[in-house]
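Engineer: Chains as they are written, first to last, in my numbering: chain A, 444 to 1195; chain B, 192 to 439.
This is the structure, below, for whatever I ask next.
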């Protein structure tokens, strides 16, 4: 059943917004030239846990160039009790950022220092200092879940292993563009430019916090310099709005690197104590886990159980009939946590696949074979609810990854292969079924679509999401063109990320934009086409639009394709303009294609597999990536260049998460030691050897997404355990926590 | 003494040094299109500096009038205007950081604070916002521009120190109708993701290709090693830069 597409996945289709980017004309928030713009800087709390008793801002306010200062008294995102080092205490707006920074030093604050804990192992203990504001203390337990009979499962196992893996790193997103906003007021209406993954939800956030009705908030989010989850809840936009109100002038709150690294959301850290029982042939019969999640001082969304999310991954990643889990969320005096390219996917998968790797070694089995044997199958569906998956291709992803890296000839028992230069050779693999990349239809995440057809017969779509990395706006132009019958070059992205002009586009969270928005643009395409054909009926002297079709921007009579008119011939003489619209739901369910019974509910999942080959220097502990393959299931590739870019990016992040990313805390004073790029190193062009890395896109043809698509933004980075597994395969010793620095390798090898 | 004056004083930069530096620039720059830019901040006695940007009017083809921003008097040469400024207006509130910057072959006469970086001035005073500000401490590379043909992090260069240098930003690379071959290669290959690092990447690539028209992959990576890309567009970017030589 090979379907032919006119537009989707074509390599020659260019990004509709590329020209803006390569000329430097893409407008990021702080690029807006507003006369008299003021600049804001943030005063951070000098203690990891303290209560503000008194603030005197008078000296700062008196400084020349300073126009306003805000504190918890008038800025709703600032609170009296500070829960981490660097948390916002006050902000200054001044005529230039240096004046604002200087003025911060003139703010006099009296604090009451409170006991703190930045180490989750300490925060979890009885009698530990109370970290934050959770009524139940520092730990919230995620209740036990069980399926099957776990004790009986372990009893029938031939081999049982128990391992503790973690902690995974607590780290920031390292976005090159820090959180950045400009706000200014006209009367009682506020204009906001901000980098947002979710402009419409951001508008709602501003309304909720500030009490401004949404029709008086004009929010524009065009360029957004890396989202990765951090720009879903960008609280500091409130600082710009408050200071703009106080001064009556435009205020830019472009966070400094340090302000950003301390006050943006972080990826939570986690640890697991896991047990697995297998038959001698490799069949998993029972699993048990205790997950611990260090969620920092606050978690987004509030009340979200990260340990619960980890358990969710644990339950569905591999086939296992008998399973029991419990989770503990631990709060610490560290910055707030939020979304990082999914929440639980990458670290959860790191924990689970580390366990899988150990079991494979214990069994003496090829780790790829072991994973394939226990991989979730399409027939199985969700192992708790029995609900079927709309696509399930983890087996295919793993097989492709293994094939591309040459697994069959390269895998060896751990610690058994030395290269001619004395370095240790290792190879690792990992596969993940991620609870991301699905259609999201709850309020704030649904999507509408608008297309205006011009007099010369071109379609202009307005997309309610900002320009983040993957080019989703361009992907929507693909979907619209494919569905409507327009040529790709006859469709343009007009406005985007503008809450006044676009229809709600939901958020680029949960990798949900492609599957969700695509439904809206699919339906919008069909609506536009229907209107055009109806308008064309009298021009052809026909009775019904059913007799016409539209392909490649040409309307023709089905019975006689030679009888045709360009779309422009219709629109040029059309009094009422053609305005197409569509919604994400009802979606373009492909149940007819897949011959699914109507009304069958289904689960959509993201899939990713990675295989990595490394050389480890036993004298220096240095890891060199020799080969890295990242395979992601797109369902259906809409915009090829964008999808390739996302997947290639996954390669870099997988390496960074295993080898580099970490915010290091001094637990004696609660300070972050590396809130910058120099000490929290990111992969440079020299670290990431691009020609040794290969991205592969697989199309499973999902049964629910428009044209079979699903989201890939988060799945692409999930399999970083592959890098760790390769290192373990090289050195033959387990390293239980990421990032795997050279010193950890040397320690594992007994060299230091 | 105001806070700002204290700042200037504490850096130990005298009025004379400013003028001397500016004078050297004036003596060496060719007459081209000239823009006058007034700084918006400070200067409690000086209302003129709070006016908006003034562009010098070209009276006829080939001739340029240099207009004093304080009294609208016209001069034939930039140095004559500078002499006039020093002689007439220095005592009446002209700020001390009056400099000329040569950016993309345009001459900008503007007042700067001694602690303003080149990145800040480019973005906020000259409106050249292709240059981004990602870390403001020389770590991310998105503010990379060329100074006399060499890459610099413009967040680490004081505007004062950029006097007399030939500065190139992404805006100067093409006329926006025709792309520079580097831009064209990135465009054709879709070699970017969010685009925030792209301006710096392009400038680093330009410095490389100007000196080494046929770089190896390793040399491209080395040339771009000061430009962080967290989306991970690296793979396509390197391919695109390697594709430039056949387009030149």
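Ideal placement from N, C-alpha and C gives every residue a C-beta, glycine not left out.
Can you list the alpha helix (DSSP H) stretches of 4 or more residues lying completely in the segment 867 to 911 of chain A, in chain order?
Structural biologist: Entirely contained in the segment 867 to 911 of chain A, not one alpha helix (DSSP H) run reaches 4 residues.
Engineer: Could you give the distance in angstroms between the alpha-carbon of residue 1106/A and the alpha-carbon of residue 919/A?
Structural biologist: Residue numbering aside, residue 1106/A sits at position 663 when the first chain is read from its first letter. Residue numbering aside, residue 919/A sits at position 476 when the first chain is read from its first letter. Rounded to whole angstroms, residue 1106/A to residue 919/A spans 37 Å at the Cα level.
Engineer: Any beta carbon from chain A within less than 9 Å of residue 353/B's own beta carbon?
Structural biologist: Looking up residue 353/B in the second chain gives position 162. Not an interface residue.
Engineer: Report back the beta-carbon spacing between residue 942/A and residue 643/A to the nearest angstrom; my notes put them in contact at under 8 Å.
Structural biologist: For the purposes of this step, residue 942/A is identified with residue 499 of the first chain, where counting begins at 1. For the purposes of this step, residue 643/A is identified with residue 200 of the first chain, where counting begins at 1. Yes, residue 942/A and residue 643/A are in contact; Cβ-Cβ is about 6 Å, under 8 Å.
Engineer: Using only alpha-carbon positions, find the residue among 1172/A, 531/A, 452/A that is nearest to residue 867/A.
Structural biologist: Looking up residue 867/A in the first chain gives position 424. Measuring from the Cα of residue 867/A, the nearest candidate turns out to be 1172/A.
Engineer: Quick check on the DSSP output: the beta strand (DSSP E) that includes residue 939/A runs from which residue to which?
Structural biologist: If you number the first chain from 1, residue 939/A lands on position 496. Residues 934 to 939.
Engineer: Restricting to Cα atoms, I'd like to know which of 1025/A, 993/A, 1005/A is closest to residue 1013/A.
Structural biologist: For the purposes of this step, residue 1013/A is taken as the residue at position 570 of the first chain. The candidate whose alpha carbon is nearest that of residue 1013/A is 993/A.
Engineer: Anyone know if the C-beta pair for residue 1197/A and residue 871/A falls short of 9 Å?
Structural biologist: No statement about residue 1197/A is possible, as the shown extent of chain A runs from 444 to 1195 and does not include it.
Engineer: Give the secondary structure of residue 720/A by DSSP, where H, G and I count as helix, E and B as strand, and everything else as coil.
Structural biologist: If you number the first chain from 1, residue 720/A lands on position 277. In this structure, residue 720/A counts as strand in the three-state DSSP scheme.
Engineer: Secondary structure at residue 636/A, three-state DSSP: helix, strand or coil?
Structural biologist: Taking the first chain and counting its residues from 1, the one referred to as residue 636/A is at position 193. Correct three-state label for residue 636/A: strand.
Engineer: So is residue 462/A in contact with chain B if we call contact Cβ pairs under 9 Å?
Structural biologist: Along the first chain, read from residue 1 onward, the residue named residue 462/A stands at position 19. So yes, residue 462/A belongs to the interface.
Engineer: Can you pull the chain A residues whose beta carbon is under 7 Å from the beta carbon of residue 419/B, in chain order?
Structural biologist: Sequence index remark: in the second chain, residue 419/B carries index 228 (1-based). Within chain A, the residues near residue 419/B are 619, 1120, 1125, 1127.
Engineer: Which of the three DSSP states is assigned to residue 504/B in this structure?
Structural biologist: Within the shown structure, residues of chain B are numbered from 192 to 439, placing residue 504/B beyond reach of any answer.
Engineer: Helix, strand or coil for residue 1000/A per DSSP?
Structural biologist: The sequence position of residue 1000/A within the first chain is 557, counting from 1. Residue 1000/A: strand per DSSP, three-state reduction.
Engineer: I want to verify the contact list: residues of chain A whose CB lies under 9 Å from the CB of residue 325/B, in sequence order.
Structural biologist: Numbered from 1 along the second chain, position 134 holds the residue referred to as residue 325/B. Ordered by position in chain A, the residues that pass the 9 Å Cβ test against residue 325/B are 618, 619, 620, 621, 668, 700, 1120.
Engineer: Just to confirm, are residue 668/A and residue 387/B a CB contact at a threshold of 9 Å?
Structural biologist: By one-based count along the first chain, residue 668/A stands at place 225. By one-based count along the second chain, residue 387/B stands at place 196. In this structure, residue 387/B lies closer than 9 Å to residue 668/A by Cβ.
Engineer: With a Cβ-Cβ cutoff of 9 Å, do residue 603/A and residue 844/A count as a contact?
Structural biologist: Here residue 603/A refers to the residue found at position 160 of the first chain. Here residue 844/A refers to the residue found at position 401 of the first chain. Contact: no.
Engineer: Name the DSSP bridge partner or partners of residue 590/A?
Structural biologist: By one-based count along the first chain, residue 590/A stands at place 147. Note: residue 590/A sits in a beta bridge opposite 766/A.
Engineer: Quick one: is residue 899/A near chain B, going by C-beta distance under 9 Å?
Structural biologist: Position 456 of the first chain, counted from the start, is the residue given in the question as residue 899/A. It does not; no Cβ of chain B falls within 9 Å.
Engineer: Could you give the DSSP three-state label for residue 840/A: helix, strand or coil?
Structural biologist: Start at 1 with the first residue of the first chain, and residue 840/A comes out as number 397. Reduced to three states, the DSSP call for residue 840/A is helix.
Engineer: Within 10 angstroms of the Cβ of residue 531/A, are there 16 or more other Cβ atoms? Answer buried if so, exposed if not.
Structural biologist: As a first step, residue 531/A must be located in the first chain, where it is residue number 88. It counts as buried.
Engineer: In whole angstroms, what is the alpha-carbon distance linking residue 1002/A and residue 990/A?
Structural biologist: One-based indexing of the first chain puts residue 1002/A at position 559. One-based indexing of the first chain puts residue 990/A at position 547. Cα-Cα distance, rounded: 7 Å.
Engineer: Rounded to a whole number of angstroms, what is the C-alpha to C-alpha distance between residue 535/A and residue 971/A?
Structural biologist: Taking the first chain and counting its residues from 1, one reaches residue 535/A at position 92. Taking the first chain and counting its residues from 1, one reaches residue 971/A at position 528. Distance between the alpha carbons of residue 535/A and residue 971/A is about 50 Å.
Engineer: Please list the segments of the beta strand (DSSP E) lying wholly inside the segment 1056 to 1136 of chain A, counting only runs of 3 or more residues, in order along the chain.
Structural biologist: If we require 3 residues or more, the beta strand (DSSP E) runs fully inside the segment 1056 to 1136 of chain A come out as 1066 to 1076.
Engineer: Please classify residue 776/A: does DSSP put it in a helix, a strand, or coil?
Structural biologist: Translated into positions along the first chain, residue 776/A becomes position 333. Residue state, collapsed to three classes: coil.
Engineer: On the DSSP bridge list, what partners appear for residue 258/B?
Structural biologist: Residue 258/B sits at position 67 when you count from the first residue of the second chain. According to DSSP, which records beta bridges pairwise, residue 258/B is partnered with 265/B.
Engineer: What does DSSP give as the partner residue(s) for residue 715/A in the beta ladder?
Structural biologist: What you label residue 715/A is simply residue 272 of the first chain in a count that begins at 1. DSSP lists 608/A, 734/A as partners of residue 715/A.
Engineer: So if DSSP puts residue 1051/A in a beta bridge, which residue, or which two residues, is it bridged to?
Structural biologist: Here residue 1051/A is taken as the residue at index 608 of the first chain, counted from 1. Looking at the DSSP assignment, residue 1051/A forms a beta bridge with 875/A, 1075/A.
Engineer: Using the beta-carbon count (16 or more within 10 Å), is residue 1178/A buried or exposed?
Structural biologist: Taking the first residue of the first chain as position 1, residue 1178/A is located at position 735. Buried, since its Cβ has 16 or more Cβ neighbours within 10 Å.
Engineer: Can you grab the Cα-Cα spacing for the pair residue 842/A / residue 1143/A, in whole Å?
Structural biologist: On the first chain, position 399 is the one that residue 842/A refers to. On the first chain, position 700 is the one that residue 1143/A refers to. Approximately 14 Å between the Cα atoms of the pair.
Engineer: Locate the beta strand (DSSP E) running through residue 512/A, then write down its first and last residues.
Structural biologist: Taking the first residue of the first chain as 1, we reach residue 512/A at position 69. Per DSSP, residue 512/A belongs to the beta strand (DSSP E) from 509 to 514.
Engineer: Please work out which residues of its chain come closer than 8 Å, Cβ to Cβ, to residue 553/A, disregarding the five sequence neighbours upstream and downstream, and give them in chain order.
Structural biologist: Here residue 553/A is taken as the residue at index 110 of the first chain, counted from 1. Within the same chain, residue 553/A has close Cβ partners 495, 496, 497, 498.
Engineer: If we cut at 9 Å on Cβ distances, does residue 547/A have a partner in chain B?
Structural biologist: On the first chain, residue 547/A is found 104 positions in, with the first residue counted as 1. No, residue 547/A lies away from the interface with chain B (no Cβ there is under 9 Å from its Cβ).
Engineer: Below 7 Å CB to CB, which residues in the same chain sit around residue 459/A once its five sequence neighbours on both sides are set aside?
Structural biologist: Taking the first residue of the first chain as position 1, residue 459/A is located at position 16. Excluding sequence neighbours, residue 459/A sits near 916, 917, 920, 935, 936.
Engineer: Going along chain B in order, which residues have a C-beta closer than 9 Å to the C-beta of residue 499/A?
Structural biologist: Position 56 of the first chain holds residue 499/A. Under the 9 Å cutoff, chain B gives no residues; its nearest Cβ is about 17 Å from residue 499/A.
Engineer: Grouping DSSP H, G and I as helix and E and B as strand, with all else coil, what is residue 961/A?
Structural biologist: Stepping through the first chain from its first residue, residue 961/A is reached at position 518. Note: residue 961/A maps to helix in three-state DSSP.
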